[in-house]
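K.L.:
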Amino acid sequence: MRRLVIPGELVSKENKKMGTGVARKDGEIHSNQLGLLDEKENFVRVIPLSGGYNPKEIDFVIGVVSYVHNTFWKLDIASPYKSILPGGEFFRDLRGKERLRDILPIGSAVYVKIKEVTKSKGVFTTLKWRGATVLKGGFLIEISPSKVPRLIGKKDSMIDILRSESGCEILVGQNGVIWINGPVENMDLAIEAIRYIEANSHKRGLTDYVKNMLIEKRKNL
Amino acid sequence: MKKDGVKLFVDGKRLDGRELDELRPIKMEVGVLKRADGSAYLEWGENKIIAACYGPREVHPRHMEEADKAIVRVRYNMAPFSVPDRKRPGPDRRSHEISKVTKEALESVVLTHLYPKTVVDVFIEVLQANAGTRCAGITAAALAMADAGIPMRDLISSCAAGKIEGKVAVDMMGAEDNFGDADLPLAISPQKKEVTLLQMDGNFTRKEFEEAFNMAMKGCLDVYEIQKQALLKKYEV
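Residue numbers (the numbering used here), protein chains in the order written: chain E, 1 to 221; chain L, 1001 to 1237.
(1) State buried or exposed for Arg1024(L), treating a residue as buried only when at least 16 other CB atoms are found within 10 Å of its CB.
(2) What residue from Glu1176(L), Leu1231(L), Pro1089(L) has the CA that sits closest to Arg1018(L)'s CA?
(3) Report the neighbours of Ser146(E) on chain L: residues whose CB is nearer than 7 angstroms to its CB, in chain order.
(4) Which residue or residues does DSSP assign as beta-bridge partners of Met1152(L)?
(5) With a cut-off of 8 angstroms, does the C-beta of Met1200(L) fall near any C-beta of chain E?
(6) Decide if Lys1002(L) is buried, meaning its Cβ has at least 16 other Cβ atoms within 10 Å, or exposed.
(7) Hey, how far is the Cα of Leu214(E) from the Cα of Arg1057(L)?
(8) Here's a check: name, in chain order, each residue in its chain whose Cβ is nearer than 7 angstroms to the Cβ of Phe1009(L), leaving out the five neighbours to either side.
(9) Spatial neighbours of Phe72(E) within its chain, please: CB distance less than 7 angstroms, with the 5 preceding and 5 following residues excluded, ordered by chain position.
(10) Any beta carbon from chain L within less than 8 angstroms of Pro105(E)'s own beta carbon?
(11) When DSSP labels each residue in this structure, what does Glu116(E) get in the three-state scheme?
(12) Using 8 angstroms as the limit for Cβ to Cβ distance, is Met1001(L) near chain E?
(13) Counting contacts by CB-CB distance shorter than 8 angstroms, is Ile6(E) in contact with chain L?
(14) Which residues does DSSP list as the beta-bridge partners of Ile141(E)?
(15) Which residues of the region 89–121 of chain E have a Cβ closer than 8 angstroms to any Cβ of chain L? Give them in chain order.
(16) Chain L partners of Asn54(E), CB-CB under 8 angstroms?
(17) With a threshold of 8 angstroms between beta carbons, is Ser12(E) in contact with chain L?
(18) Quick one: grab the DSSP three-state call for Tyr1115(L).
(19) So with Cβ pairs under 8 angstroms, would you call Gln1229(L) a contact of chain E?
(20) Specify the secondary structure class of Ala1204(L) as computed by DSSP and reduced to three states.
(21) From the DSSP output, read off the bridge partner residues of Thr126(E).
(22) If you compare alpha carbons, which of Gly137(E), Lys121(E), Arg195(E), Arg24(E) is closest to Pro55(E)?
(23) Does any C-beta atom of chain E lie closer than 8 angstroms to the C-beta of Gly1038(L)?
(24) To the nearest angstrom, how far is the alpha carbon of His202(E) from that of Phe43(E)?
(25) From this set, Glu1236(L), Ile1071(L), Arg1035(L), Gly1219(L), which residue's C-alpha is nearest Val1110(L)'s C-alpha?
(26) Going along the region 1177–1206 of chain L in order, which residues come within less than 8 angstroms of chain E, judged by CB to CB distance?
(27) Assuming Gly182(E) and Ile143(E) are in contact, meaning their beta carbons sit under 8 angstroms apart, how far apart are those beta carbons, in whole angstroms?
(28) Against chain L, does Leu34(E) count as a neighbour if the rule is that its beta carbon must be under 8 angstroms from one of theirs?
(29) Just mark Gln1227(L) as buried or exposed, buried being the case when its beta carbon has 16 or more other beta carbons within 10 Å.
(30) Could you name the residues of the same chain whose beta carbon sits closer than 6 angstroms to that of Ala1051(L), not counting the 5 residues immediately before and after it, in chain order?
(31) Classify Thr118(E): buried if its beta carbon has 16 or more other beta carbons within 10 angstroms, exposed otherwise.
(32) Within 8 angstroms (strictly less), CB to CB, does Met1172(L) reach chain E?
(33) Which residues in the same chain have their Cβ closer than 7 angstroms to the Cβ of Pro1087(L), if we skip the five residues on either side of it in sequence?
(34) Could you pull the start and end residues of the alpha helix (DSSP H) that Tyr196(E) belongs to?
(35) For Gln1229(L), is the classification buried or exposed, using 16 other Cβ atoms within 10 angstroms of its Cβ as the cut-off for buried?
(36) Using a beta-carbon distance cut-off of less than 8 angstroms, what residues from the region 192–207 of chain E approach chain L?
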């Protein structure tokens, strides 16, 4: 069982490699956040239980167009930082003939890859990447970004169950925004399961519980 | 400050039956507000305080933004019904001051460089007051920030000491605060025992000051243990 640590708590006296949420202080490693301690033989980190989204260059996120300029879209990615999707990063060549606001008007949702995060936290995204897409239909819900790894599970175990047992298309952005598309009753089911995972993410044996829950509830549909 | 005819000791004990080095009963709860990123509710004797934390989020107004670090904003506010005579609502000299010193006490442990161009907003609402609200407010705010997942070097714990009828005592209650001789609020980051807030109202001799400081420090460490328990309790299986 992973131990819960609070900010400032002594995590390890040995010299180990450090992941997120820890810092070295006078040769000892201390926690920087409220979270679960993940300690291995030569590695230590704290998995946060809450907190905002800090954009990283490898992440896929779901963004909503909040403003359209002549040459780029501004995306709201549920983070303190606004991100930019340049017109040239749309997956097909626009050749300057079409207006951006006719292609993706304000309110459109996109599943994009973060291409670059500058030192001053300018976030540049792209649609020219395998998997990146414009989202049509369905709707969006938000969870805490720190709970996304739990929602996806080891080797996608949790999200695969959610997809197959609820019968919905589901896309999860690393920023905690989730897109769900499918029949209304199934979407309700998926949302209920996601909310349950969010509330109980620090517990063990969640995958099996969610699977049984979804199978039970689907019988009643 | 002292009024004649007010007795602050009965049979060698304080008005509420405490010893000189005894804290009032403290109760803390974390995660009480659903819509805030982090929150805490605190009862410290007769004090009732709710604290909420939002962020890191975009800074408005924009000119307050710092290009290389996050800023911390604190609002300390007393409800009009928190004291025996109705308090005129809105910010006043006292709450401005407490907001400022609280902000400085909390900011020192936040890892502000991790979230440049953002703000961490902390709101402290005093629902019921009975002396020592700034210490209680700081304690509750630290819990709310930890609950919100703000990266911090340490928690902040706070406690006051004072002088009543010439004797140094920890954690003064309303009557003792009004008729006592001195007050010394202290906030520390408990891991290294670094002082992040120290104020003094009234007069101590040098010896009394040291005694009061040590008493308040011990009080802070007791408060820290309760804070720890409150945080761990939220995620108990």
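Note that CB positions come from ideal geometry on N, CA and C, so glycine has one too.
P.N.:
In terms of the structure at hand:
(1) buried
(2) Glu1176(L)
(3) Gly1149
(4) For Met1152(L), which the question treats as bridged, DSSP gives the partners Val1110(L).
(5) No - not a single Cβ of chain E is within 8 angstroms of the one on Met1200(L).
(6) Any reading at Lys1002(L) needs caution, since the residue's pLDDT is 49, under 50, leaving its predicted position unreliable; the model's value is listed next. Exposed, because fewer than 16 other Cβ atoms sit within 10 Å of the Cβ of Lys1002(L).
(7) 35 angstroms
(8) Glu1165
(9) Ile84, Leu85, Pro86, Gly87
(10) no
(11) strand
(12) In this prediction, Met1001(L) scores a pLDDT of 49, lower than 50, which makes its location untrustworthy; no coordinate-derived value is stated.
(13) yes
(14) Ile178(E), per the DSSP bridge assignment.
(15) Ser120, Lys121
(16) Leu1114, Tyr1115
(17) no
(18) Of the three classes helix, strand and coil, the one that applies to Tyr1115(L) here is coil, per DSSP.
(19) no
(20) For the sequence presented, residue 1204(L) should be read as Phe rather than Ala. In the structure shown, Phe1204(L) sits in coil (DSSP, three-state: anything other than H, G, I, E or B).
(21) Lys113(E)
(22) With distances taken between Cα atoms, Pro55(E) lies closest to Lys121(E).
(23) yes
(24) About 20 angstroms.
(25) Ile1071(L)
(26) Ser1189, Pro1190, Gln1191
(27) That pair is no contact at about 18 angstroms.
(28) Judged by the 8 angstroms Cβ criterion, Leu34(E) is in contact with chain L.
(29) It is buried - the Cβ of Gln1227(L) has at least 16 other Cβ atoms within 10 Å.
(30) The residues are Ala1040, Ile1124, Ala1140, Ala1141, Ala1144.
(31) exposed
(32) Not flagged as an interface residue toward chain E: Met1172(L), since no C-beta distance is shorter than 8 angstroms.
(33) First, the residue type needs correcting, since residue 1087(L) is Lys and not Pro in the sequence shown. Hits under 7 angstroms: Met1078, Pro1080.
(34) 184–199
(35) exposed
(36) Answer in chain order: His202, Lys203.
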